[in-house]
Amino acid sequence: MINRDAANVLWFNELHREDVNLVGGKSSSLGEMTSSMDLPVPYGFATTAKAYRYFMDETGLNDKVTELLNSIKDYEDSDELGATCQQIRDVIVGAKFPDDLAADIRKAYADLADKMGQKDPFVAIRSSATAEDLPDASFAGQQESYLNVKGGDDVVLSVKKCYASLFTARATYYRNKQHFPYDKVALSAAVQMMVFSKASGIMFSVDVSNGDDSKIVIDAICGLGEYIVLGKVTPNHFVIDKKTQKIIDKTVVKQTVQLSRIAGGGTKEETVPAELQDQQVITDDQVIELAGYAKKIEEHYGCYMDMEYALDVNTNRLWIVQARPETFWSQKNKNKDTDSGDDNVVEESDAKVVVRGLPASPGLASGVVHVIDDPKDIDQFKQGEILVTLMTSPDWVPAMKKAAAIITNNGGMTCHAAIVSREMQIPCIVGTKSQSIAATEALHDGDVVTVDAKNGVVYSGKVASLLNKPAANNQGAGQVVAAETFAPTATGVMMNLGDPELADKYSSLPADGIGLMREEFIWTSYIHEHPLYLIEQGHPEKVVDMLSDGISKVARAMAPRPVVLRLSDFKSSEYRNLKGGDKFEPHEPSDLLGWRGASRYYDPKYIEAFKLELAAVKKVRNEYGLKNLNIMIPFIRTLDEAQKVTDIIKGQGLIRGADFKIYMMAEIPSNIILADKFNQYVDGYSIGSNDLSMLILGCDRNNDTVAPLFDERNLAVKRAIRHLIRAAHKDGRTVSICGQAPSEYPEFTNFLIQSGIDYVSVNPDMVKETKRNVAHFEQRIMLDKATGRGLQDPTDYEW
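Going by the working numbering, the letters in the sequence shown line up with residues -2 to 796, in that order.
Printed below as a string of structure tokens:
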């Protein structure tokens, strides 16, 4: 078996998203989509961080780089920074690759050629820094990519150029501002089958202009995708409703230039054929297909996602070429004082609109305009000014960092200016040329303006009344927002949650608590290492500290509402993907029905790891005082297992009582049949309708051959649920459901309420709708009982 930590090269299907430290964010994400998701991802391999460090150590480059970086006196001096970084890159490119490393890369390229059935195929080589594409700092576009590369020697050279691109001026400046020491960052190169793009673009699983996570936004341009990030082309823009997967808005902008591949290698700029310049770049069907991929990727990662795609000119097939966490809306908004200048104050009613554009990064700011056409002039830009230009590129970051707001002529919602502004939390309006008049024509040096980047409007003068509005009421001029109200319901509406970082954002939703907090997200996103491996390495405290930190964020945000933490329920293949997992995990032919959930907790091979989870729960409850935290045991097969696990929990000092509940997942037929016996061990149940339906109906919903047979609304499943509710209620136990069915089928929610369920737990985007549905169904029941109208659910007659 391959030693991943010692490998110079790893294939995408050997990588997962937790391998950020191994191959960086970009490569690990490509690996995750290849190995764990059914997505069209061009195949390839990645050089590892170990290979980069080996190269830097063997060549003695570390000392030279450190010396040159230490010589920089002022990172804000772009001339000094640029010159020093050019020296570093020249030294790296001029160094010789160790022979064994070069041989490994050439062999992997040859193997890729064999897999593709081509001799010397064209590949794209993309940089992937270990500090890139992380949830709290995207570092988008800070390192280089090389397209249309062909031949083993050129691939090796391009990998070396990727290494050198870690030290571009923009990357070095950005890393310095984000406090990432250079020696803590390494570079992986993703070598990937080249897509010969006739169109390409970027998409987000959240509307990045306003944070509306019920929408997906997609931008598309002709040719290769680099021009969308550089802002050289204003893209077609599509907005899709995430739930209905229908296009609700589109903007088709004329495109005159594109970046194209050269047959012998490399790229060039070309004019878009006249007959295509005003055409929609991708079809509506292709937009919907992409939106489906975006939704699937977001659900898999459990956070808002920023993705890139390409449309192949030969096959007309769409490919997903990159996915990373979106950074701005995935973090809690921070208040920022953007007020500047007291001159030219005007009343809102008298404010004159001078420019309109696309709202790329929300916020309000006022200041003095500074128009810059050429990046060589950015040293003249002063703190707090409004930057107005054609379009930014990574070299503009030093000026962008100083700006109170940014306005550009060109670009779309996913251009460089938009992405970096959102990360820096600077108000930004792009694409003014396509919306009204070019900003560089309408605005002049010294003008005082107010930028309303939430609505894409620039006003002349300082509109003090607009700037001073409370953020919660800042909905646009003259707009009145009514407070949402929700009728009280007897059936509780809870919320499912994975990412602790989203707890604050969703805490304001009208949910009665967290019905399912998935512990696995903390493992894959923060811990990354197998618990038994950490115990073996002498660092069990990492499990306790990181689990308690993530859990407490949710419990604190939701307090005093209850939070139900589902204890770990990885399958063996998923545990094996954690660092060190190979040593401790069996290879099971069907791990869905294997060593998972409760069967691990009392096993002598795993019990010490389980005790770490319980220690984290105790820390949250006792040290942090968050008594609203409860736990849930997954996949209990037998009564004996229930007794063994609850005895361990009790032995670790977690005692069932009025303020601490132990629940179990009801996802196995034995849980239903023996509910009257399981009652003695737990305080209630949460129905996992996905697993329960698969095991009752005997079909795998992920198997396309039998997937059409999977339906949580099947009569057998409904009878099982109703039996569980009745058996649980006889002993005063509660029943919830945390599967997808209530979110997807309102009529199923009606059945659950008719059956007397205590809670339904749904994803955040469905809380409000489910709350209203529950109120409606309960009112209907009361009305039917009062009038004697209405039929009972069919299962009453078929029981």
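The beta-carbon is built from N, C-alpha and C at its ideal position, and this holds for glycine as well.
C-alpha gap between residue i and residue j, whole angstroms
| i | j | result |
| --- | --- | --- |
| Y40 | A196 | 19 Å |
| K532 | Y756 | The amino acid occupying residue 532 in the given sequence is Ile; Lys does not appear at that position. Approximately 38 Å, taken between the alpha carbons. |
| S358 | I403 | 9 Å |
| R618 | F745 | 35 Å |
| S596 | V226 | 49 Å |
| D728 | A500 | 33 Å |
| A606 | G648 | 15 Å |
| D246 | G149 | 45 Å |
| Q534 | W520 | 17 Å |
| K641 | T702 | 38 Å |
| E29 | F201 | 18 Å |
| L671 | G591 | 21 Å |
| T231 | V455 | 19 Å |
| P761 | D35 | 25 Å |
| K251 | Q274 | 5 Å |
| K502 | P537 | 31 Å |
| C412 | I426 | 11 Å |
| A612 | G409 | 48 Å |
Three-state secondary structure assigned by DSSP to residue i
| i | result |
| --- | --- |
| I356 | Checking the sequence, you will find Pro at residue 356 rather than Ile. P356 falls in the strand class under three-state DSSP. |
| T169 | helix |
| F42 | strand |
| A4 | coil |
| Q189 | strand |
| Q751 | helix |
| L788 | Confidence at L788 is low in this model, with a pLDDT of 46, below 50, so the placement of that residue is unreliable and no value is reported for it. |
| A508 | coil |
| Q255 | strand |
| F9 | helix |
| R86 | helix |
| S733 | strand |
| Q476 | Unreliable positioning characterises Q476 in this predicted model, as indicated by a pLDDT of 38, which lies under 50. The coordinate reading is nonetheless provided below. Residue state, collapsed to three classes: coil. |
| N493 | strand |
| L531 | helix |
| L689 | helix |
| M661 | strand |
| G138 | Interpretation of G138 is limited by its pLDDT of 43, a score under 50 that renders its predicted location unreliable; the figure taken from the coordinates is listed afterwards. Here G138 sits in coil by DSSP. |
| N233 | strand |
| N332 | Because N332 sits at a pLDDT of 36, beneath the cut-off of 50, its placement in the model cannot be relied upon, and the point is left open. |
| V460 | strand |
Short Cβ contact (7 Å threshold) for residue i with residue j
| i | j | result |
| --- | --- | --- |
| E286 | L308 | no |
| R553 | M629 | no |
| A46 | A187 | no |
| G428 | L513 | no |
| L506 | V759 | no |
| Y72 | Y170 | yes |
| V561 | N627 | yes |
| A217 | G79 | no |
| A772 | T486 | yes |
| R321 | S26 | yes |
| I633 | M661 | yes |
| W393 | P424 | no |
| G458 | V445 | yes |
| A436 | V385 | yes |
| V269 | T280 | no |
| Y160 | I69 | no |
| T81 | L58 | no |
| G547 | P497 | yes |
Given residue i as reference, the closest of the options once Cα atoms are compared
| i | options | result |
| --- | --- | --- |
| T264 | L221, V188, E295, K158 | L221 |
| S686 | Y660, N676, V714 | V714 |
| D209 | S418, K451, A161 | K451 |
| F748 | V365, R710, G594, K157 | R710 |
| A271 | Q255, G360, K104, G736 | Q255 |
| K616 | P705, I524, L651, Q84 | L651 |
| D60 | Y179, Y143, D151, F675 | Y179 |
| Q380 | S390, E77, S363 | S363 |
Residue-chain proximity (residue i, chain B), Cβ-Cβ < 7 Å
| i | result |
| --- | --- |
| G591 | The displayed structure is made up of one protein chain only, and chain B is not part of it. |
Contact between the region 52 to 59 and the region 84 to 102 (3+ Cβ pairs under 8 Å): The region 52 to 59 vs the region 84 to 102: in contact.
Under 8 Å: do the region 232 to 248 and the region 201 to 218 share three or more Cβ pairs, one atom per stretch? Judged by Cβ distances under 8 Å, the region 232 to 248 makes contact with the region 201 to 218, as three or more pairs qualify.
Below 8 Å, can you find three or more Cβ-Cβ pairs linking the region 718 to 732 to the region 663 to 680? Contact holds: three or more Cβ-Cβ distances are below 8 Å.
Three Cβ pairs or more, each shorter than 8 Å: is that satisfied between the region 18 to 25 and the region 105 to 120? Short answer: they don't touch.
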